[in-house]
Amino acid sequence: MVETIMLDGGPFSIAALSAGAGPLMVLAHGFPDTPRSFHHQLDYFSSRGYRVVAPWLRGYAPTGPAVDNNYTAPALGQDLIAVIDALGYAEAIVVGHDWGAGAGYSAAIMAPERISHLVTCAVPYGPVMMNALADNGDQQRRSWYLFFFQTPFAEQAVAHNDFALIKRLWQEWAGPDWQGDEHVLAAVFDCFRQHGTVAAALQYYRQVFAAPPPDQYLPITVPTLYIHGEEDGCIGVELAEPDQCLFQAGCDYAQVAGAGHFVHLEKPGEFNQRVAEFIAG
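Numbered continuously in our numbering, the sequence shown closes out at residue 581.
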């Protein structure tokens, strides 16, 4: 049974979905999303002997906003470690999608001893994305929303017409064969209607450009699996191949045919199988 729990995140409370008992698996969502899109993983892995916990990221109601207005990837990584601490575990398997992938990379750098396995999807690690924003015309067109979110009227535009822009992003980013999931999308819209969520979600993107880019990316020392949908309309599959030099413990790579940006939701059977095999291996 999946239940909603509240965890001590330090300066604010972290809400999360929780199911099962056993070794800990933490699922971190992205934008524009909530933990509800992990319902296949919550059911699958909790039935196979794992404690599966999927938090709402900071600023996504009902998780509290960042009291210091920090919505950078390192701050998200600290939140994942806080979740592991609050649940009383020494380590966890971390699965991150989109911004949750960024959180997973950061947590693995800050506290590699706390993460036994790292699974990320939809956002590759390293400078490839920022480089593409500078010189890849196809990716620049896919990332129009990122530039639009820098404008002062973005908050009103996101909320306009009952979040029609959010619905458009899901349609553009998902694979062409995906028929949608009304319960997942309803949860997204409900979350974004809560006071403060839109403002916080935009800060994630505004702070990407506010912070200076790192001169180099620190290596990930945790065994990693990276999964990318071949039909991803948000980040092109041509950017997905991991740079093995950045993964000292190795990085397995899987492309999922027919899947778009929300690969864990669009192709849950293949996604879950690949994660299970990676953990077992």
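Every residue, glycine too, gets a C-beta built ideally from N, C-alpha and C.
Predicted model only: the values in this text are computed from it and were never measured.
Within its chain, find whatever has a CB closer than 7 angstroms to the CB of residue i; leave out the 5 residues flanking it on each side and keep chain order.
{"i": "Ile415", "result": "Glu391, Ala392, Val394, Ala407, Ala408 and Val522"}
{"i": "Val488", "result": "Pro332, Asp333, Thr334 and Ile466"}
{"i": "Tyr504", "result": "Phe331, Tyr371 and Trp399"}
{"i": "Val537", "result": "His528, Glu530 and Gln555"}
Assuming residue i and residue j are in contact, meaning their beta carbons sit under 8 angstroms apart, how far apart are those beta carbons, in whole angstroms?
{"i": "Gly396", "j": "Thr420", "result": "5 angstroms"}
{"i": "Ala321", "j": "Leu307", "result": "Not a contact, Cβ separation roughly 16 angstroms."}
{"i": "Leu324", "j": "Leu376", "result": "Their Cβ separation, rounded to whole angstroms, is 18 angstroms, which puts Leu324 and Leu376 out of contact at 8 angstroms."}
{"i": "Pro365", "j": "Phe312", "result": "7 angstroms"}
{"i": "Phe547", "j": "Pro513", "result": "About 20 angstroms; that fails the 8 angstroms criterion."}
Three-state secondary structure (DSSP) at residue i?
{"i": "Val395", "result": "strand"}
{"i": "Cys534", "result": "coil"}
{"i": "Gly426", "result": "coil"}
{"i": "Gln439", "result": "helix"}
{"i": "Phe547", "result": "strand"}
{"i": "Thr497", "result": "helix"}
{"i": "Pro513", "result": "coil"}
{"i": "Val419", "result": "strand"}
{"i": "Arg577", "result": "The residue asked about is misnamed: residue 577 is Glu in this sequence, not Arg. Three-state result, Glu577: helix."}
{"i": "Gln471", "result": "helix"}
When burial is assigned at 16 or more other CB atoms within 10 Å of the CB, is residue i buried or exposed?
{"i": "Thr304", "result": "exposed"}
{"i": "Asp379", "result": "buried"}
{"i": "Trp470", "result": "buried"}
{"i": "Cys545", "result": "exposed"}
{"i": "Thr451", "result": "exposed"}
{"i": "Phe453", "result": "exposed"}
Keeping to the same chain, check which residues put their C-beta closer than 6 angstroms to that of residue i; ignore five residues upstream and five downstream.
{"i": "His340", "result": "Pro568"}
{"i": "Glu570", "result": "Val556"}
{"i": "Ala319", "result": "Val302, Leu342, Ser346 and Val352"}
{"i": "Pro412", "result": "Thr521 and Val522"}
If you check the beta carbons only, do residue i and residue j fall under 8 angstroms apart?
{"i": "Glu531", "j": "Ala559", "result": "yes"}
{"i": "Pro542", "j": "Cys534", "result": "no"}
{"i": "Pro332", "j": "Pro355", "result": "no"}
{"i": "Ala434", "j": "Val563", "result": "no"}
{"i": "Val383", "j": "Leu342", "result": "no"}
{"i": "Ala554", "j": "Leu525", "result": "yes"}
{"i": "Glu566", "j": "Trp478", "result": "yes"}
{"i": "Tyr425", "j": "Tyr405", "result": "yes"}
{"i": "Ala328", "j": "Cys491", "result": "no"}
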